[in-house]
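Residue numbers (the UniProt record's numbering): 1 to 192.
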């Protein structure tokens, strides 16, 4: 499959996207081996997510001052291949949530496009910092967040047996970002 940024559109979530958004979230989470190993707690967590913020994205994200986006192929704008949400947290901060890209569209810049869209919108709407938490078993996700300019700020042990930890990442929104998500220094334009 040959995909480029010009083949993908990022747009705001619509109600008819919900079944695909939920399926993408569930599939993405179940793809992690460590997550699959803890069947009962993992499934309880997934169902709690589906019943909470994912049951009413409009109210949980958009109405409360955040936003939620989907990535779609330009050739099929009803097919969701990526998702990300920004939950407003007060103090000009937002939590990045539910980032997921369909397996067939990974490694083609879709995640970077979603992050760049989220960051641009957040800046335009007065957010000064974005933060997120991700699981200790999500090595690829942690590497991705570092690659797009987030800094690891904390590691929290959630459970001792089986051992479960969560990583917190933050990114101040005081630097420019190119459309592909690379940081640009305002003074010397490095990173272009």
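Glycine residues also receive a C-beta, built at the ideal position from the N, C-alpha and C atoms. Predicted model, so just to flag it, every value in this text is computed and none were measured.
Classification of residue i by the beta-carbon crowding that lies within 10 angstroms, buried from 16 upward
i           : result
residue 171 : buried
residue 66  : buried
residue 163 : exposed
residue 97  : buried
Three-state class that DSSP yields for residue i in the structure shown
i           : result
residue 52  : coil
residue 162 : coil
residue 21  : helix
residue 132 : strand
residue 13  : coil
residue 167 : strand
Residue i versus residue j: straight-line alpha-carbon distance, rounded
i           : j           : result
residue 49  : residue 21  : 12 Å
residue 11  : residue 53  : 19 Å
residue 101 : residue 24  : 8 Å
residue 105 : residue 61  : 25 Å
residue 140 : residue 124 : 29 Å
residue 160 : residue 118 : 34 Å
residue 16  : residue 99  : 19 Å
residue 28  : residue 155 : 22 Å
residue 120 : residue 113 : 10 Å
Cβ-Cβ distance between residue i and residue j below 8 Å
i           : j           : result
residue 132 : residue 145 : yes
residue 81  : residue 72  : yes
residue 128 : residue 87  : no
residue 122 : residue 173 : yes
residue 74  : residue 153 : no
heavy atom of the ligand NAP below 7 Å from residue i C-beta
i          : result
residue 69 : As presented, the structure is devoid of all ligands, the ligand NAP included, so that no description of it is given.
TODO: Could you pull out every unbroken alpha helix (DSSP H) segment of at least 4 residues lying fully inside the stretch 50 to 129, listed in chain order?
DONE: 110 to 124
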